[in-house]
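This note's numbering applies: residue 31 is where the sequence shown begins, and numbers increase by one.
Scroll down for the structure; my scribbles are underneath it.
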Amino acid sequence: MEVRKVELLLLEMKLKEEFRTSVEALSSRPVVLVRVEERGGEEGWGELVSDWGPWYSYETYEVDLLVMRKYLVPQLLGAHLEAPEDFHALTSRVRGYPMAKAALEEALLSLYSRLVRRPLAELVGGRREEVDSGVSIGLKPTVEELLKEVSRRLEEGYQRIKIKIEPGLDVELVRAIRSQFGGIKLQVDANGSYTMAHFPTLRKLDEYDLLMIEQPLAYDDLVQHAILSRKLSTPICLDESIRSVQDVALASALGAAEVVNVKPARVGGVLKAREILETARALGLGAWVGGMLESGVGRAFLVALASHPAVNYPNDISASSRYWEEDIVEPPWELTPRGTLRVPRAPGLGVEVVESTVRKYLKEKWSAVL
């Protein structure tokens, strides 16, 4: 596999509705698509999911575009790769920037999938024909609006509801959902917005039979997560804290978590995410696949990864219509009556990029040719 051309396409896509967490409110997203082409003309697609600003990660789309253009793409062009795994060794001198690397790795994976005529899921060890789908709901102006959205998502068929919380918007929200919807699968995500000073509030959440509390404390504080985990009966799930296999091993050794949320972009790619899933399973931790408001391109890799047998909780992988009026792939990702997403068996993404729709949202294009 020898890449002769790389294209980076910057799109701006408007969300159907604002999505608010404890750290930001989004009404649109920068979507950077990566297209690679090998000498025989076959192509592969990936997606960069870094945001406008360094809120979730130090990476932003502008920084990542610079890193890809100046350092990663020049190393990739003309290099002979036996398999996508070779990409990480090729670019190992570039420290950090997992989201930039993940976007290029995805494009290589989908290219390789087409060349060897094997589906993505099979390449990453996936076995399921369908993956369980949960939905993430952002902070709402009122409890009534939150309850309306929970009702709508349950009617659409999602298996699990996750709500964003922050200090002052937490127990009341959970209590209201439990009062109206009973024993649905429910979890909360704090995005690191609490400290141990909020322990009395976090302890109250134990009363509501939650699946888990996701990332309650700071992303770089495994020790206090371990202390908190010992004091709560609700399982702790780590998201931002998990960036590598080593982080999983350390979190397990400290007792800092019972569950991990695995996001390919955060850990440097789908192949590294697979390693984390397999490590979590070996250590007896639960795991699921999280999303970063991907378009239909990035969603293909989440679905493939979520078909791995180490995944044992519903995933944050929703239908295209959850976030977008118009996705950039055909067919769009759709929820089955069972609250699942089907795992494609066709090589490549399993869906086709609609280039006329890409052009509609295109803001900037850059290419490098061997």
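Every residue gets a Cβ at the ideal spot worked out from N, C-alpha and C, and that includes glycine.
In this text, all values refer to a predicted model and were calculated from it rather than measured experimentally.
The region 118-136 in contact with the region 93-110 per 3-pair CB rule at 8 angstroms: yes
contact_flag[the region 283-293, the region 116-129] where n(CB pairs < 8 angstroms) is 3 or more: no
Three-state class that DSSP yields for D162 in the structure shown: strand
Start-to-end residues for the alpha helix (DSSP H) that takes in K234: F229 to K234
Secondary structure, beta strand (DSSP E): runs of 3+ residues fully inside the region 237-294: 266-268 and 289-292
Cβ pair count under 8 angstroms reaching 3, the region 156-167 against the region 100-113: no
Completely contained alpha helix (DSSP H) runs for the region 75-115, where each covers 4 or more residues: 91-97 and 103-106
Bridge-paired residues (DSSP) for W318: Note: W318 sits in a beta bridge opposite N291.
Per DSSP, cross-strand counterpart(s) of K170: Bridge partners of K170: none, in fact.
Whole-angstrom C-beta distance between L235 and E196, which should lie under 8 angstroms: Between L235 and E196 the Cβ distance is about 13 angstroms, and since that is not below 8 angstroms, they are no contact.
Contacts around F117, its chain only, beta-carbon distance under 6 angstroms, and the 5 residues preceding and following it disregarded: Excluding residues within five positions, the ones whose Cβ falls inside 6 angstroms are E135 and L138.
Backbone secondary structure at P128 - three-state DSSP: helix
Own chain residues within Cβ distance below 6 angstroms of R329, not counting five before or after: W363
Unbroken alpha helix (DSSP H) run spanning R352, endpoints: S350 to Y353
Proximity of V319 and N342 at Cβ, strictly below 7 angstroms: no
CA-to-CA distance, V300 to F331, given in whole angstroms: The alpha-carbon atoms of F331 and V300 are separated by roughly 7 angstroms.
Residue ranges of each beta strand (DSSP E) within the region 180-232, 3 or longer: 190-194 and 215-219
Rounded straight-line distance, which links the Cα of V359 to that of V384: 5 angstroms
For L145 and V66, the rounded distance between their alpha carbons: 13 angstroms
Which of helix, strand or coil DSSP assigns to S397: strand
Alpha carbon of Q254 to alpha carbon of M226, nearest angstrom: 8 angstroms
Collapsed DSSP secondary structure at A376 in the structure displayed: DSSP, read as helix, strand or coil, puts A376 in coil.
Contact belief for G369 with S143 at Cβ below 8 angstroms, rounded distance in angstroms: 27 angstroms between Cβ atoms; not a contact.
Pair within 7 angstroms by beta-carbon distance, A206 and V180: no
C-alpha gap between S325 and A334, whole angstroms: So the alpha carbons of these two residues sit roughly 15 angstroms apart.
Spatial distance of L38 from R375 (CA atoms): 27 angstroms
Per-residue burial, T366 [other beta carbons within 10 Å of its own, 16 or more giving buried]: Exposed, because fewer than 16 other Cβ atoms sit within 10 Å of the Cβ of T366.
Residue interval of the alpha helix (DSSP H) (run including R50): Run containing R50: none in the alpha helix (DSSP H); it sits in the beta strand (DSSP E), V33 to R50.
Counted within 10 angstroms of its Cβ, other Cβ atoms place Q217 as buried (16 or more) or exposed: buried
A279 versus S386: straight-line alpha-carbon distance, rounded: Between A279 and S386, the C-alpha separation is close to 45 angstroms.
Option nearest S87 by Cα separation, candidates S166, D239 and G298: G298
Cβ-based neighbour list, S350, same chain, cut-off 6 angstroms, excluding 5 preceding and 5 following: G326, D357, P362 and W363
Nonlocal neighbours in the same chain, by C-beta distance under 6 angstroms from D269, ignoring five residues either side: E244, Q245 and N291
Outcome for E68 when other beta-carbon atoms lying within 10 angstroms are tallied against a minimum of 16: buried
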